[in-house]
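Okay, so the sequence shown: first residue is 668 according to our numbering, each after it adds one.
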Amino acid sequence: MTEAPLETTAATDAPATPAEFVYGTGECAPTDGSATQQREFADAPQLCIDPAKEYTATFETTQGEFTIRLLADRAPGTVNSFVNLARWKYFDGTKCHRVIEDFVVQCGDPTATGSGGPGYSFADELPALGEYKIGSIAMANSGPNTNGSQFFIITGNNGAALPPQYSLFGEVTAGLDTTVKAMGALFNPDPAANGVPPAGEIVLKTVKITEG
């Protein structure tokens, strides 16, 4: 099961330098928005982005709009997968299924159960210790190199204190103090619930990629 992190104890060492990322053989989605929605894939995508370019993702949600800058220069494999899924409209209409106060909002699972994914996994691209901050976007996982489609937005200091075990691939550049704050306010107050489900519905209506 892919779950967002629960512990907030900081690690003592930065992760080892990762090997060169190995891409899959999956088809690249059209870049013009014409793709038919797809949510099942046989393999991770081939290299579909230009890591030298700038990419942003704009989320239209039931709480408003927010934008993230994707860190293609630092996590090209993770950004490649996210961009391709977004272009396939994979995230459109999905619910953020987990919200923990002062910690994270977790999204990216079409089943809204915490166990859904695109049918493939890919390798970690881990940050150094201390790089997470409020507004960071990272991949949820169930262990090393188990990334799929689920991701989380760090909404509080507890989330920023996470050990560097989750691939960091973006940061909120617009809507942090409005939309993301409103999403984070829908936390499940029951400690035993582990944030599931949120106190109110959060739907990602669309996720649009801009390449520049």
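Every residue gets a Cβ at the ideal spot worked out from N, C-alpha and C, and that includes glycine.
Predicted model only: the values in this text are computed from it and were never measured.
| query | result |
| --- | --- |
| Unbroken alpha helix (DSSP H) run spanning Thr745, endpoints | Pro743 to Arg754 |
| CB contact flag (Ala795, Pro831, <8 Å) | yes |
| Segments of 3+ residues assigned as beta strand (DSSP E) that fall wholly inside the stretch 708-795 | 722-728, 731-737, 765-767 and 771-774 |
| Secondary structure of Thr873, DSSP reduced to three states | strand |
| Ile735 versus Glu687 - alpha carbon distance | 25 Å |
| Buried/exposed call for Glu838, threshold 16 Cβ in 10 Å | buried |
| 7 Å CB neighbourhood of Pro864 in its chain, flanking five on each side removed | His764 and Asn855 |
| Ala849, enclosing alpha helix (DSSP H) - first and last residue | Lys848 to Gly851 |
| C-beta contact flag for Gly842 and Glu694 at 8 Å | no |
| Asn824 versus Ala702: straight-line alpha-carbon distance, rounded | 38 Å |
| Cβ neighbour criterion (16 or more within 10 Å) applied to Ser782 | exposed |
| Same chain, Cβ closer than 7 Å to Gln730, five either side skipped, listed in chain order | Thr846, Ala849, Met850 and Ile869 |
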